[in-house]
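Inspection log for the structure reproduced underneath, given as structure tokens.
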Amino acid sequence: MKKIILSLIMTAAVNSYAAVSEDSKIFTPYFDMTLLEAAYVPSEGNIFSGGNINTQVGLLTKITAKDSVFGLYNFNYSGPAFQPQDSKQFTDRSMSHGFNFEYRRSLGEKFRVRPGVSYMTDYVRSGANEAWQNGLYNMNSKGGQLAADYNFDFDRNGFLTAAYMVRNIAFPNYTDLLREFQNADNTAETSGGLQDQSLTQFSLRPNWNGFFAGYTVTQQNYKHQMVVDAHSGIYGATKQKDKSTTFDGGFRQKLWIFDLSPMLSYTMHRSNQNFLRYKSALATGFANMADGSNDITMVAKNYDYNELTFSVPVDLNVTGKWAIGGSINVIRRAYTDRGARDVDNNYTVAKQKNLMSTLTGSIRKRMNDVATMRLFYSLVVASSNNKFEKYMPSNYTGNSIGVAYQLSY
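Residues in the sequence shown are numbered from 8 upward in steps of one, following the working numbering.
Here it is, written out as structure tokens:
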């Protein structure tokens, strides 16, 4: 859930500059919609289907030669699909609505400032019969941001963007059922709000001639969630704080008859939250990581990890309308302190590492200047040295075939 929140917020902030370009028209509309439907065949379990809808609708209004306003609405639906380990279940569904309003002011020929406000609501369903409004991880986010752009090369679209944002994030339905069960004095009111947080983010992004890079720092300060003490195993007086630092880069280029758009990113996630593992409901023995066979084990820095992601999509343009595509996408997460577990739920001496690789082949057809359709097949191979998979799969293969339609202008 945390990863989904961060990715949505980062996408809204980073892409706001590039969404539409300034020109001489008073009104400049922006529309981008992608529809995807696919069938999924996992190595274990039943065949299932899932879809994805991502739509952005915006309008740039020019007030004066130096002043303009930009409004953007984003709708995203994510249905069942194969997921990276330790993220969410295959059957999870999410739906979000995001609104962003931005004022743009030019300061001379090369500088521009963009203050703005935003609001987003996110609905999550973990079961087929669960109502959208009752999702445990439903989330509301509101806040503001300030961005500044420096255009250092007009001919090759070279610019540098610095952005700072603040978000207040609330989970109105979240409650800790385990705390209510363990302590009869706790209620849904006193056990709720534990995921509520304030989020701040700073990013610096250069772009030039189709090449891009980024440096992003995200800080999450939880309002009510306390840290589990590493010695006593109970919640202490320190509030949870998470920090993520991300470096990314890539380019979009046309080389002869090939369209290339590789991307590489590296994230370091750190949290002061610890984890007290109960091997079973009747666990009584408390120990540290030195003896992984104990029923109760304290894992300090359980949520710290380093994650490397890279993707290499390539399209071979056969004709003006038809293209053959291929891509490889790899996600590798290495936990710094969390031990891997064996099939009996005992910790091993090795630190947990996850790897998910996706190979995709496709056929693309340009219907016209604004519409594109793509038929694709993907092979997913997920592996991990964590062999305890009672709640989420860590080692699996999967095949999927589907169709995607994009409309953009």
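The beta carbon of each residue, even a glycine, is placed where N, CA and C say it ideally should be.
Enclosing beta strand (DSSP E) for residue i [first to last residue]
i: Y242; result: Y242 to F258
i: G332; result: W329 to R348
i: V234; result: F218 to V235
i: L79; result: D74 to S85
i: S477; result: Since the first residue shown for the chain is 8 and the last is 416, residue 477 is missing from the structure and cannot be characterised.
i: S364; result: Y354 to R373
i: T274; result: M270 to S278
i: W263; result: First-last for W263: undefined, no H or E at that position.
i: T182; result: Neither: T182 is in no beta strand (DSSP E) and is coded neither H nor E.
i: G115; result: From DSSP, G115 is part of no beta strand (DSSP E); its letter is neither H nor E.
i: A154; result: M146 to D160
i: Q208; result: Q204 to W215
i: F282; result: F282 to Y285
8 Å Cβ shell around residue i - same chain, five flanking residues per side excluded
i: F265; result: V321, D322, L323 and N324
i: Y130; result: S101, M102, S103, W139, Q140, G142 and N145
Simplified DSSP state of residue i, which is helix, strand or coil
i: N107; result: strand
i: N402; result: coil
i: N6; result: It is not possible to answer for residue 6, since the shown part of the chain is limited to 8 through 416.
i: N141; result: helix
i: G165; result: strand
i: D351; result: coil
i: L386; result: strand
i: V377; result: coil
i: I54; result: coil
i: Y310; result: coil
i: Y416; result: coil
i: K32; result: coil
i: E196; result: Note on E196: pLDDT 49, under 50, position unreliable in the model; the coordinate value appears next. E196: helix per DSSP, three-state reduction.
i: V410; result: strand
i: L201; result: coil
i: E44; result: strand
i: A177; result: strand
i: A170; result: strand
i: P91; result: coil
i: E396; result: coil
i: I303; result: strand
i: G123; result: strand
i: D99; result: coil
Beta-carbon gap between residue i and residue j smaller than 8 Å
i: Y110; j: V76; result: yes
i: F159; j: L167; result: yes
i: S272; j: T316; result: yes
i: G405; j: S50; result: yes
i: N53; j: L43; result: no
i: G165; j: N107; result: no
i: F178; j: D162; result: no
i: N393; j: K286; result: no
i: M399; j: D156; result: no
i: S390; j: L382; result: no
i: V124; j: G151; result: yes
i: S407; j: A46; result: yes
i: R212; j: F219; result: yes
i: Y416; j: V377; result: yes
i: P87; j: I338; result: no
i: F97; j: V387; result: no
Neighbourhood of residue i by C-beta distance below 6 Å, restricted to the same chain and skipping five residues each side
i: N336; result: S318 and T365
i: Q247; result: Y229, Q232, V234 and Q280
i: P269; result: G257 and V319
i: E196; result: Bear in mind that a pLDDT of 49 at E196, under 50, signals an unreliable position, so the number given afterwards is only what the model happens to contain. So the list is empty, once near-sequence residues are dropped.
i: Y342; result: Y312, K358 and Q359
i: H276; result: S251 and Y312
i: L283; result: V235, G240 and M305
i: R340; result: Y312, E314 and N361
i: Q63; result: D39 and N81
i: K95; result: none
i: A411; result: L43 and R381
i: S56; result: A46
i: N214; result: F166
Minimum C-alpha distance to residue i - residue among the options
i: F209; options: F106, G221, H276 and S401; result: G221
i: N175; options: G217, D311 and Q226; result: Q226
i: Y310; options: G327, D344 and R284; result: D344
i: K69; options: L114, P87, K32 and M40; result: K32
i: T128; options: V356, N147, T41 and M374; result: N147
i: L206; options: W263, T223 and S56; result: T223
i: K73; options: T41, A170, E116 and S401; result: E116
i: S133; options: A169, S85 and G327; result: S85
Chain-order list of residues whose beta-carbon lies under 7 Å from that of residue i (same chain, five-residue window excluded)
i: M296; result: Because the pLDDT at M296 is just 44, under 50, the model does not fix this residue reliably, and the value given afterwards should be weighed accordingly. For M296, where only same-chain residues beyond five positions count, the Cβ hits under 7 Å are T304, V306, G346 and Y354.
i: A237; result: N281, M305 and A307
i: Q189; result: Confidence is the limiting factor: at Q189 the pLDDT is only 49, short of 50, which leaves the residue's position unreliable, though a coordinate-based value still follows. So no residue of the chain qualifies.
i: G299; result: Because G299 carries a pLDDT of 48, less than 50, the predicted location of this residue cannot be relied on, and no value is offered for it.
i: V330; result: For the record, residue 330 in the displayed sequence is Ala; it is not Val. D322, L323, N324 and R371.
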